[in-house]
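Take a look at the structure set out below.
Residue numbers (UniProt numbering), protein chains in the order written: chain A, 1 to 218; chain B, 1 to 218; chain C, 1 to 218; chain D, 1 to 218.
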């Protein structure tokens with residue numbers, strides 16, 4: 001077992017990065033916010049905090065586009081007849097993200113535009129039952145930079161599947177929101193346990209994107 | 001969002017149960033113990049605590065066999081040339097579970113016998129890159145009862161994939177051990193968040209197995 | 001090895017059937033037809049033959065709805081920037097099924113209605129990188145009844161993945177069209193090799209659906 | 001649709017090649033041969049033809065080792081209690097490849113040595129429910145060169161999954177054997193339909209391996 005001081009931090013970005021926006025949805029999401037609407041999924045943070053997370057995440061989207069870094073928008077959806085909820089209603093979560101409800105749509109503030117890479121999912125991991133890996137292979141992606149929510153559920157489990165699939169995974173900790181402060185913190189530690197240097201701040205990623213842009217101009 | 005008092009606990013066992021022994025390995029495992037050998041993976045608990053976890057887990061194996069409940073032994077393995085570690089060495093874990101080392105073998109104390117269902121895996125989730133679902137479909141499994149370790153890694157992520165695959169998942173909390181007390185506790189809460197009633201004690205499962213045995217005799 | 005006369009035909013439908021309409025798309029599809037448009041994918045059969053296949057397939061859709069048998073519409077799609085074609089352009093097929101082109105839409109004649117189960121895919125098997133299995137698990141599906149095209153590509157490989165996933169698979173041979181007569185015939189034989197009794201005619205399936213409807217009224 | 005003369009043949013090997021030996025098993029296999037034992041799976045070809053296929057395949061193994069090209073041995077296995085046959089006995093195939101029977105072992109003649117990459121599978125595609133992709137990612141594989149059998153079943157469907165996973169796939173047509181001459185021929189055409197230049201002869205692959213060896217010496 002490694003002693004803590006021996007765990008070298010990996011480079012922040014290895015090879016081709018891809019920015020992944022997990023479930024920035026009007027309701028039942030994470031970094032997003034819907035004043036007054038619970039959305040079936042518990043979420044933590046004041047309205048002000050959530051607006052700030054959204055704003056930082058939006059900055060990342062804009063900087064990624066500017067640097068030619070691919071951005072992928074994930075959206076959790078469930079069929080109206082409930083046939084595909086599986087076990088998702090057996091715990092703390094209630095009905096959420098039903099298709100075609102306005103509250104299920106990707107948040108306008110996050111900068112999603114028609115034509116952007118959009119991947120709907122019906123479970124927590126953005127890899128589970130989706131074409132995410134098909135897209136990532138096409139993009140020759142090596143590093144996934146995750147934002148959104150819930151930190152402890154969809155972000156965490158997307159990170160795990162990315163990790164198991166050999167991707168370098170980073171979580172932008174000031175751009176994710178969890179079901180509770182405790183769960184949020186524990187999951188960030190869990191992700192750092194899997195990949196040293198996984199936990200990043202938006203400011204670091206912004207700098208990296210600017211450097212990428214500059215290197216392409218050179 | 002459900003209020004805590006409204007979250008009904010699900011039946012402990014729904015349909016066909018299967019007992020899953022996650023990584024009871026001499027080293028780099030969990031419920032198992034190897035005095036003096038670190039195994040490349042951090043684990044928490046005194047030797048005495050781990051021996052007790054192992055003993056309780058062993059009781060479950062014997063009771064499952066007695067009641068005709070299928071038991072599946074999962075074993076994490078990695079090729080000696082290191083080609084399949086992926087990102088697993090990028091965080092807190094060091095080289096672990098190398099094939100053919102005595103310390104990688106399933107612990108003798110857990111009751112594994114040649115001919116038992118045995119599933120080797122190369123990542124954390126027992127579903128990832130394995131034939132576990134093929135076996136579970138063949139067994140018509142509906143409820144997975146998880147023991148072993150690490151609580152926060154292999155048990156947690158196997159639970160998540162079982163959950164996403166529509167299985168009822170239970171974690172026997174006094175038969176799992178984590179990388180730290182904190183991570184162990186947080187993961188048990190995460191699993192309970194996903195499926196109310198997921199957290200169980202060995203004594204409850206034992207009672208359930210005895211009832212199953214009795215119902216078959218009737 | 002079984003002698004041909006010993007291969008018992010399985011019941012046509014086992015448990016819950018689901019009717020799967022594979023790639024009935026205006027162009028680049030199969031059972032569908034688009035006069036004068038090649039669509040990037042070779043297809044065989046006169047316009048008249050294809051119209052008849054479509055008509056028979058449409059009858060199945062209507063009968064399935066009438067009997068309460070779930071119907072799933074599969075649609076192959078590719079991103080306009082070509083990032084997700086993978087190896088699909090390395091052989092006989094040219095660019096096909098680009099998102100948002102009118103010719104990629106599900107054929108109007110097949111009876112698809114908004115709200116129906118719709119699964120977009122980016123490869124040949126309807127299971128690959130999609131949520132089909134999530135839906136089938138939710139429907140408790142046991143038998144898949146395949147129509148559409150291409151017989152030798154998307155239908156064949158969807159059948160194989162269904163077969164590997166333990167589903168009873170049936171191909172309605174007068175409701176599928178292939179890339180060539182030879183490939184169509186060979187694939188039907190390949191599917192029958194995997195599951196005796198896989199090859200069915202639309203008339204048989206219609207009868208079965210009517211019987212299901214009658215049994216529910218009883 | 002491309003006209004036949006416009007379909008450019010792809011380079012025979014793109015990037016890192018990996019030689020895949022599919023089910024060279026004493027019985028129930030393909031390129032292998034077991035005089036007088038049927039093995040539950042139909043296979044075509046005289047004993048002499050099969051011995052020659054095996055010999056050519058063995059040459060490829062030796063040349064791959066000599067050139068530092070990774071070799072992966074796939075082996076189909078089924079649990080003795082039959083729990084994992086799924087639908088595999090519903091068609092032309094009878095019980096085959098039961099674990100631990102001498103006839104299930106990888107053929108001695110093919111050059112398999114303890115320590116080689118070995119992947120057991122329980123279905124047809126070598127990707128389905130196995131860690132093959134984990135290994136291929138670790139090897140940074142880009143081109144899969146398939147040998148073994150059955151041409152029309154395990155080789156064909158492994159090719160398809162490799163193709164869907166963006167690998168360049170090649171089938172060594174004089175090193176594969178099918179369930180019938182007809183099925184063997186049709187499947188070779190199907191693989192060529194997917195990737196122009198997929199069909200290769202052992203002599204070509206041998207030359208390529210020698211060139212790889214020479215380039216490393218330079």
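C-beta atoms are modelled at their ideal positions from N, C-alpha and C, and glycine is treated no differently.
Fair warning: this is a prediction, and the values are worked out from it, not measured in the lab.
For residue 121 of chain D, the enclosing beta strand (DSSP E) covers residues 117-121. Taking a cut-off of 8 Å for Cβ pairs, the region 153-172 of chain A and the region 81-99 of chain B touch, as three or more such pairs fall below it. With 16 or more neighbouring CB atoms inside 10 Å of its own CB, residue 148 of chain A falls in the buried class. Where residue 172 of chain C is concerned, the enclosing beta strand (DSSP E) starts and stops at 168-177. Looking at A/138, A/178, A/189, the one whose alpha-carbon comes closest to that of residue 182 of chain B is A/189.
Shown here, residue 78 of chain D sits in a strand according to DSSP, grouped into three states. Following the DSSP letters along the chain, one finds residue 162 of chain C inside the alpha helix (DSSP H) bounded by residues 156-164. Rounded to whole angstroms, residue 121 of chain D and residue 156 of chain D show a C-alpha spacing of 15 Å.
The Cβ neighbour count for residue 203 of chain A, taken over all protein chains shown within 10 Å, is under 16; the residue is labelled exposed. Per DSSP, the unbroken alpha helix (DSSP H) holding residue 212 of chain D starts and ends at 202-217. Here residue 187 of chain A is buried. Its C-beta has 16 or more other C-beta atoms within 10 Å. Per DSSP, reduced to three states, the secondary structure at residue 130 of chain C is coil, with no helix or strand assignment. Counting C-beta pairs closer than 8 Å gives three or more between the region 60-70 of chain C and the region 207-214 of chain C, which meets the contact rule. Going by DSSP, residue 54 of chain B is part of no beta strand (DSSP E) but of the alpha helix (DSSP H) stretching over 47-67.
Excluding its 5 nearest sequence neighbours in each direction, residue 139 of chain C has C-beta neighbours in its own chain below 7 Å: 16, 18, 70, listed in chain order.
Residues 174 of the same chain have their beta carbon placed closer than 6 Å to that of residue 201 of chain C, with the five preceding and five following residues left out of the count.
Residue 103 of chain B and residue 80 of chain B have their alpha carbons spaced roughly 13 Å apart. Beta-bridge annotation (DSSP): residue 25 of chain A is paired with A/106. Partner residues in the beta bridge of residue 147 of chain A, as assigned by DSSP, are A/21.
Secondary structure of residue 113 of chain A (DSSP, three-state): coil. Under the criterion of beta carbons closer than 8 Å, residue 129 of chain B and residue 131 of chain D qualify as touching, at roughly 4 Å.
Between residue 218 of chain A and residue 217 of chain D, the alpha-carbon positions lie close to 36 Å from each other. The beta carbon of residue 23 of chain B sits closer than 7 Å to those of 29, 30, 74, 75, 76, 148, 149, 154, all from its chain and outside the five residues before and after it, given in chain order. Within chain D, not a single residue places a beta-carbon under 9 Å from that of residue 131 of chain A; the smallest gap is close to 11 Å. Contact of residue 163 of chain A with chain B by beta-carbon distance below 7 Å involves 87. A direct Cα-to-Cα measurement between residue 143 of chain A and residue 55 of chain D gives close to 44 Å. Taking residue 178 of chain B as reference, the option from B/49, B/115, B/101, B/10 with the minimal CA-CA separation is B/49.
DSSP places residue 198 of chain B in no alpha helix (DSSP H); its state is neither H nor E.
At a cut-off of 8 Å between beta carbons, residue 139 of chain D contacts chain B. Between the alpha carbons of residue 113 of chain D and residue 97 of chain B lies a distance of about 21 Å. In the structure shown, residue 95 of chain D adopts coil according to DSSP, grouped into three states. Taking all protein chains in view, the Cβ of residue 215 of chain B is surrounded by fewer than 16 other Cβ atoms within 10 Å, so the residue is classified as exposed.
The beta carbons of residue 124 of chain A and residue 135 of chain A sit about 18 Å from each other, so the pair does not count as a contact at 8 Å. At a cut-off of 8 Å between C-beta atoms, residue 94 of chain B does not count as an interface residue with respect to chain D. Cα atoms of residue 43 of chain A and residue 184 of chain C: separation of roughly 53 Å, rounded to the nearest angstrom. When Cβ-Cβ separations below 8 Å define contact, residue 123 of chain D makes contact with chain C.
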